[in-house]
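The sequence shown: position 223 = 223 (the UniProt record's numbering), numbered continuously.
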Amino acid sequence: MPPMPPVVMVSNREEDSVNTEPSMSGRQVIGIIYPPPDIRTIVDKTAAFVARNGIDFENKIREKEAANPRFSFLSATDPYNAYYQHKVIEFRDGKTTEPSVPRPQIPEAVKEHVKQAEFVPRNPPPPFEFDADPATINAFDLDLIKLTALFVARNGRQFLTSLMNRESRNYQFDFLKPQHSNFNYFTKLVEQYTKIIVPAKNIVEDLKAEEDNTKKILENVKYRVGWEKYQRAQKEKEDAEIERERIAYAQIDWHDFVVVQTVDFPINDSATLPPFCTPKDVGARILMQQRQEAAAKAAAEQAVEMDVESDSDEEHQEIRNEVLNGEVENGNADHEKKAPYEVTQPVPAPPSEDTVVVRDYDPKKSIAARKAADKWIISPLTGERIPADKLQEHMRYNTVDSQYKEQRERELSDRNEEEPVYAPGADISTNIGKFAERRTDIFGHGAEQTIIGKKLGEEEEAPRGPDPKLIWDGQQSTIDQTTKLAQQSVTLGISCINLVKISK
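See the structure below:
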């Protein structure tokens, strides 16, 4: 038996003499407890500096980091102090080949679990062929929809059309209408029953392939489950982000602010500013801005097209001139060069014997006469003043469109029923004219003044006597009638005169 290696005593404590666990270096080091990796890094660096700078450096670190629990190994009562002293001795002697603690190996099962947790599907799984969820519905309506879909799949669309016509007033068959909430569910059921009654070749082949390949079925199920988990995780992440943002906004103290500067707009400057924008005006302003941008873009494109057309026209004109000049030079090689073609106004023809010269001709008179010849007619339907040449069109509009006529009559009746606040313009001018005729004290000139309330040249009417034609015929039966007529013919003026005479 080979001799045992000498035991290195690093600590003088009794409990350390019982510990015979070998150290990481292969030697039996009694009393050393290796700290965890994060603290071991600090211990190793501190031991290296202390071995290099002396014990004074250790005292400074102990005083400076007295409240830091990571440097508690500097205390003599700490379990990691033995390891620290051992590292100081090794660094001082130059023995720095102490192996590090081996990292634990991760089992393959854990790696597989982490790999599955990081599964990110690329494409969603194919939807189920025979799966459809109806809206909120009772059992009777559900059975009715399924039975109707089965008969429609068997008998075709003609059966559906006849059923809709026959049960159009039955509320239980409202799901046949496109605007019903269960119409999409009914349509899916018809498609599914049709696939079952008349199956396609690819569906049958896929079912046979899946029947023999159970591994593929398990992979599809696994992929679908992973997709569902991924979607759920994404939804939770989005909800967490929204909640975090909401909490962040809630933590903002909106009343804690500092006014840096106040900008005052004088009256002269604010006159040119646009009005305040309300939330209702935002959409209108955006549309207006888009229209302005589209109009500017169209104008720019049109300008570019016009420039291109003008350039092409100039090129064609230059080519045409060159061809003409070439023909002239080839045809008249021996002649002198002709002067360039000049555009001149045509010479007016001499006056003939039939020409009539009208003196003092004014073209504006004919226009004025033509305007005066325009006739205006009062419409018998609406009472409006319309031109005579537009009477036929006016009659057609008011007789053909009954809705327009009824609406117009309704507006006119509402307008007549309302109490007018202001008189029309024609009534105002007429009333002012009548007022001026009877107020010559205001509107008169010089001697052209009369009593207030009388017109110029109007005299007071003399009292009229009884009607000379009113004569009693001498019969007894007509006395009362003649007396009443005579009393009625007596005016107020005659009564006043009689009263004056009686008083005298």
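Beta carbons are placed, not taken as given, at the ideal position from N, Cα and C, and that holds for glycine.
Since the model is a prediction, treat every value here as computed from it, not as a measurement.
For P275, there is no enclosing alpha helix (DSSP H), as DSSP marks it with neither H nor E. P35 and I55 have their alpha carbons spaced roughly 22 Å apart. Counting C-beta pairs with one atom in each stretch, the segment 42-52 and the segment 78-93 have three or more that are closer than 8 Å, which means they touch. Under the 10 Å beta carbon count, A139 is surrounded by fewer than 16 other beta carbons and is classified as exposed. The continuous beta strand (DSSP E) containing R385 extends over residues 385-387. For W254, the secondary structure class from DSSP, reduced to helix, strand or coil, is coil. For I378, the enclosing beta strand (DSSP E) starts and ends at 376-378. For L176, no alpha helix (DSSP H) segment is defined, and its DSSP state is neither H nor E.
Secondary structure of D38 (DSSP, three-state): helix. In this structure, the straight-line span from the alpha carbon of L176 to that of D133 is close to 17 Å. Put simply, the segment 142-157 touches the segment 185-204. At least three CB pairs are less than 8 Å apart.
Taking each of T194, N59, T483 in turn and checking the Cα distance to V152, the smallest one comes out for T194. Inter-residue distance for R410 and A388 is about 26 Å (C-alpha atoms, whole angstroms). Distances from the alpha-carbon of R154 to those of I197, A82, R166 put I197 closest. Relative to P125, the option among V225, R169, E63, E205 whose CA is nearest is V225. Excluding the 5 residues flanking it on each side, D44 has same chain C-beta neighbours closer than 7 Å at K87, in chain order.
With respect to L74, Y83 sits apart: the two C-beta atoms are not nearer than 9 Å. Around the Cβ of T46, a 10 Å sphere holds 16 or more other Cβ atoms; the residue is buried.
DSSP places I145 in the uninterrupted alpha helix (DSSP H) bounded by 139-155. Take A135, set aside five residues on each side of it, and the residues of its chain with a beta-carbon closer than 6 Å to its own are S181, N182, in chain order. Straight-line measurement puts the Cα of K60 at about 16 Å from the Cα of A76.
For a cut-off of 8 Å, the C-beta gap from E228 to I217 is around 17 Å, too long to register as a contact. Rounded to the nearest angstrom, the gap between the Cα atoms of I377 and R415 is 23 Å.
Boundaries of the alpha helix (DSSP H) harbouring Y193: 183-197, taken from the DSSP string.
Residue state for K95 is assigned as coil, using DSSP reduced to three classes. For F71, the number of other beta carbons within 10 angstroms of its own is at least 16, and it is reported as buried.
Leaving aside the five residues that flank N398 on each side, the residues in its chain whose CB is nearer than 6 Å to its CB run, in chain order, L381, K405. Per DSSP, reduced to three states, the secondary structure at D480 is helical.
By the neighbour-count criterion, in which 16 or more other beta carbons inside 10 Å mark a residue as buried, Y185 falls on the buried side.
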